[in-house]
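So the sequence shown is residues 11 to 133, counted in my numbering.
Backbone N, C-alpha and C fix where the C-beta goes; we use that ideal spot for every residue, glycine too.
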Amino acid sequence: MTIAHIAVGASILYFLGFGVGMIARPALVKNFDLEWSGQAGKTEVRCYYGALSVGLSIFMSYLMYRHMTLPALTGMCIFATSVFVMRVFGTALDKSWASSYSKLAIPTEALFVLALGGARILA
């Protein structure tokens, strides 16, 4: 097992767990300072926080099954970096630096990007 397998495997488990959690309990999104104003908002959480994360984990699993772990890791690096860059840009744009969620999400996502990037470099 290589570092790429470990990094992609850990990412799969994270996104699968996160996705299933959001599908089963969409109210967890309130931990992110988000709320919905109608029932369609709850469905939106299930779709984009839940199903998209589950779908990403299934796709990464498929790539690993097809012995394409390095492309899976590269894709995960692109995905995580995109989220991190948007998080920083959006936080600046929306002036939400004081939010407890922003204070947690930015360093957590930075570490995730660094870990995946390090694994990609070493792979």
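> For S112, which option in A129, P81, V93 and R76 has the closest C-alpha, if you only look at C-alpha atoms?
Replying inline: Counted from its first residue, the sequence shown places residue 112 at position 102. S112 has its Cα closest to that of V93, out of A129, P81, V93 and R76.
> Going by beta carbon distance, what residues of the same chain come within less than 7 Å of F42, once the five residues before and after it are set aside?
Replying inline: Residue mapping note: residue 42 aligns to position 32 of the sequence shown, counting from 1. Closer than 7 Å at Cβ, skipping near neighbours: Y111.
>> Am I right that V55 and V30 are in contact with their C-beta atoms under 8 Å? What's the rounded C-beta distance?
In response: In the sequence shown, residue 55 corresponds to position 45, counting from 1. In the sequence shown, residue 30 corresponds to position 20, counting from 1. In fact, because the Cβ distance is near 13 Å, the residues do not count as touching under 8 Å.
> In three-state terms, what does DSSP make of A14?
Replying inline: For the purposes of this step, residue 14 is taken as residue 4 along the sequence shown, with counting starting at 1. Three-state result, A14: helix.
>> Just verifying my parser: in three-state terms, what is the DSSP assignment at A34?
In response: Residue numbering aside, residue 34 sits at position 24 when the sequence shown is read from its first letter. Helix at A34.
>> I'd like to know whether the C-beta atoms of M78 and S21 end up nearer to each other than 8 Å.
In response: Mapped onto the sequence shown, residue 78 falls at position 68. Mapped onto the sequence shown, residue 21 falls at position 11. Result no, Cβ atoms of M78 and S21 do not sit closer than 8 Å.
>> Output needed for F28: all residues of its chain with C-beta closer than 7 Å, excluding positions within five of it in sequence on either side, in chain order.
In response: Against the sequence shown, residue 28 aligns to sequence position 18. Cβ within range, chain order: S63.
> Assuming V123 and A90 make a contact with CB atoms under 8 Å, what is their CB distance in whole Å?
Replying inline: As a working note, residue 123 is residue 113 in the sequence shown. As a working note, residue 90 is residue 80 in the sequence shown. The pair is a contact, with the Cβ atoms about 5 Å apart (cut-off 8 Å).
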